[in-house]
Ligand code: NDP
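In this note's numbering, the protein residues as written are 18 to 306.
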């Protein structure tokens, strides 16, 4: 029987820790502050930004939502980032992705003060992750996956871990975290050019899917007793739903779950952890400042 890893419950625990940390910072006269910058009106981004701001409110973190029009120029956005970098009430800055096409996202990330880069995307933070320097910020989604693995009592040391996906947001940092000292997994990173992906996945004691392809990972890709972490969030049409769609992961959950030692569902697995870890990073930024 597989154990379903309840991301909502673990996220609630993390948020409870955050609440205590916010209270103790406030007692010292510091209110953590997060600025969330949204350029344009991408509907999914608007939902994400809304829940980040709401979670800040729940925890007593000061939040500032900056909504800019779709036609915002690179220079205008760089100016906003520079102002936030200089603002002592703001400890964390997040520019919601994806921005409109005229924006060079990489330049925006490089313009962030690395000490306020709570997404962990600035090159300095990427380097610190690779160097296992704890003074950096770890990207929220892979940090959340590691916390789920830990809370589920999964042994990573010596385990064969396979990460499908090599993005800078999920796959690559996830691989670094799994192989870091203390986690000590043996890590394989697969991507769109990998040969015989099912065979690679079958070697995994821990399989992390961060691809963006609905239900790609099938039962015969997964070893009996494996731990499966499904990062994917895919919208698929579902006429039986009022909305006309449902969310599904990168793993064919129904057929894979019975083979697993533990598995995360979608929704309710990795998703809730991302915001919780963002709150953690924001509090860390405030306490370091
Ligand atoms: P990207 O599109 O940036 O990266 C996808 C990766 O998957 C790439 O490395 C790509 O390979 C690889 N890939 C694509 N197709 C295949 C294939 N057929 N076989 C093997 N590998 C393949 O996506 P992200 O990393 O940003 O996100 C991945 C998923 O996670 C998405 O569903 C996204 O919505 C979700 N997500 C969920 C979050 C959460 O909070 N739960 C947060 C962030 C993302 P290549 O490099 O060769 O192109």
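Here a beta-carbon is modelled for each residue, glycine too, at the ideal position from N, C-alpha and C.
Distance between beta carbons of residue j and residue i, contact taken as under 8 Å
{"i": "residue 255", "j": "residue 230", "result": "Not confirmed; about 17 Å, so no contact."}
{"i": "residue 181", "j": "residue 216", "result": "No, residue 181 and residue 216 are not in contact; Cβ-Cβ is about 13 Å, not under 8 Å."}
{"i": "residue 249", "j": "residue 283", "result": "7 Å"}
{"i": "residue 42", "j": "residue 80", "result": "Incorrect: roughly 15 Å between the Cβ atoms, too far for contact."}
{"i": "residue 307", "j": "residue 35", "result": "There is simply no residue 307 to check, as the chain begins at 18 and stops at 306 in what is shown."}
{"i": "residue 292", "j": "residue 48", "result": "Incorrect: roughly 19 Å between the Cβ atoms, too far for contact."}
{"i": "residue 193", "j": "residue 146", "result": "5 Å"}
Beta-carbon proximity check, residue i vs residue j, cutoff 8 Å
{"i": "residue 123", "j": "residue 114", "result": "no"}
{"i": "residue 253", "j": "residue 277", "result": "no"}
{"i": "residue 39", "j": "residue 76", "result": "yes"}
{"i": "residue 152", "j": "residue 177", "result": "no"}
{"i": "residue 82", "j": "residue 64", "result": "no"}
{"i": "residue 101", "j": "residue 125", "result": "no"}
{"i": "residue 299", "j": "residue 109", "result": "yes"}
{"i": "residue 9", "j": "residue 159", "result": "Given a span of 18 to 306 for the chain in the structure shown, any question on residue 9 remains unanswerable."}
{"i": "residue 31", "j": "residue 165", "result": "no"}
{"i": "residue 53", "j": "residue 97", "result": "no"}
{"i": "residue 56", "j": "residue 89", "result": "yes"}
{"i": "residue 246", "j": "residue 179", "result": "no"}
Nearest candidate by alpha-carbon position, reference residue i, set the options
{"i": "residue 301", "options": "165, 204, 137", "result": "137"}
{"i": "residue 272", "options": "22, 234, 171, 173", "result": "234"}
{"i": "residue 305", "options": "31, 105, 85", "result": "105"}
{"i": "residue 186", "options": "179, 156, 128, 35", "result": "156"}
{"i": "residue 173", "options": "42, 224, 286", "result": "224"}
{"i": "residue 241", "options": "219, 232, 44, 259", "result": "219"}
{"i": "residue 19", "options": "285, 280, 303", "result": "280"}
{"i": "residue 263", "options": "232, 238, 237, 162", "result": "232"}
Any non-hydrogen atom of ligand 3 closer than 7 Å to residue i Cβ
{"i": "residue 252", "result": "As far as ligands go, the structure on display features ligand 1 and does not contain ligand 3."}
is_contact[residue i, chain D] using C-beta, thresh 8 Å
{"i": "residue 287", "result": "Checking the listed chains, one finds no chain D in this structure; it contains a single protein chain."}
List, from N- to C-terminal side, the alpha helix (DSSP H) runs of 4 residues or more that fit wholly inside the stretch 168-256.
188-196, 214-219
So within the stretch 42-103, which uninterrupted alpha helix (DSSP H) runs reach at least 4 residues, ignoring any that extend past its ends?
60-76, 91-103
Counting pairs of beta carbons, one from the stretch 203-213 and one from the stretch 160-171, are three or more of them closer than 8 Å?
no
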